[in-house]
Amino acid sequence: MATSCQFVTFYSYKGGVGRTLALANVAWAAALDGKKVVIIDFDLEAPGISSILPFQETMRQFYDDCNQARKNGGLFELILYYQRHQIVPAIPKYFSCHTIKHERFKDNGCITIIPAGKEDKNYRKKLQSFNWAEFYENKKMNGRNFFLKFRDTIINQFDQPDLVCIDSRTGLTDIGGICTILLPDILVVLTGMNTQNLTGTKVIIDSIKKHSEHRKK
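Position 77 (the sequence shown) corresponds to 133 in my numbering; numbering is contiguous.
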């Protein structure tokens, strides 16, 4: 579909290089300029968006709101729902999404955050047992179709955002290619200036260049 929305993934081979903070700064600057921004925490193993200022306090209040107890979690629970039912429900209605508005944001500027998941006592166990390769490749589960349509889902269900920022998992992971190749229009790569970081980052970039032509437009 024709849209001006840009999907931008922030990736780093290792943590501790300011990836999530950089994403937060870009999202905040865009909202200050009147842009509608959606942030997706794709770092399912180590979610970090909710701990970044200025999101920390608003996200804490959001999770403490007793009305949110009926919500069904975030991105990971959405994927589990699709695995069971083969449909994507109305994300803002059934899953945890929080929209931040600020007096300094121009016009319709706002930031909507889709968290990684519930992070309850069962979250880690479910995440560790989830077979990403099977979900993505199995024709019955049709996970590949979910991610192919994920861009349009976000655009349609979140009122045509101007910018979607994706916080990707570090390193080499089963879902890394989804965040770095399949979804983004722009990939922002951050790295530490040491041999391990630079070597690993080069491997990732070379792999992305090799496989990027297979991405569905």
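Don't be surprised by glycine CBs; every beta carbon is placed ideally from N, CA and C.
For residue i, which of helix, strand or coil comes out of DSSP?
i	result
residue 272	Any reading at residue 272 must be qualified, since the residue scores a pLDDT of 46, below 50, and its modelled position is unreliable; the value itself is stated next. Note: residue 272 maps to coil in three-state DSSP.
residue 107	helix
residue 82	helix
residue 69	coil
residue 135	helix
Which whole-angstrom value describes the C-beta separation of residue i and residue j, a residue pair presumed to lie in contact below a C-beta threshold of 8 angstroms?
i	j	result
residue 107	residue 129	With a Cβ gap of about 18 angstroms, residue 107 and residue 129 do not count as contacting.
residue 110	residue 175	The pair is not a contact, with the Cβ atoms about 20 angstroms apart (cut-off 8 angstroms).
residue 97	residue 218	At roughly 19 angstroms, the Cβ-Cβ gap does not stay under 8 angstroms, so residue 97 and residue 218 are not in contact.
residue 64	residue 221	5 angstroms
Give the straight-line distance between the Cα atoms of residue i and residue j, rounded to the nearest whole angstrom.
i	j	result
residue 187	residue 226	18 angstroms
residue 265	residue 238	12 angstroms
residue 156	residue 248	31 angstroms
residue 141	residue 234	21 angstroms
residue 122	residue 177	With a pLDDT of 42 at residue 122, under the threshold of 50, the predicted position of this residue should be treated as unreliable, though the coordinate-derived value follows. Their backbone Cα atoms lie some 18 angstroms apart in a straight line.
residue 149	residue 215	13 angstroms
residue 211	residue 251	39 angstroms
residue 167	residue 257	29 angstroms
residue 272	residue 194	With a pLDDT of only 46 at residue 272, under the threshold of 50, the placement of this residue in the model should not be trusted; the figure read from the coordinates follows. Those two C-alpha atoms are separated by around 18 angstroms.
residue 71	residue 79	14 angstroms
residue 179	residue 144	20 angstroms
Could you please give me the residues that DSSP links to residue i through a beta bridge?
i	result
residue 155	168
residue 56	The requested residue 56 does not occur in the structure, where the chain is confined to residues 57 to 273.
residue 64	221, 242
- Item | Inside the stretch 207 to 270 only - beta strand (DSSP E) runs reaching at least 3 residues | Qualifying beta strand (DSSP E) stretches, in chain order: 219 to 223, 242 to 246.
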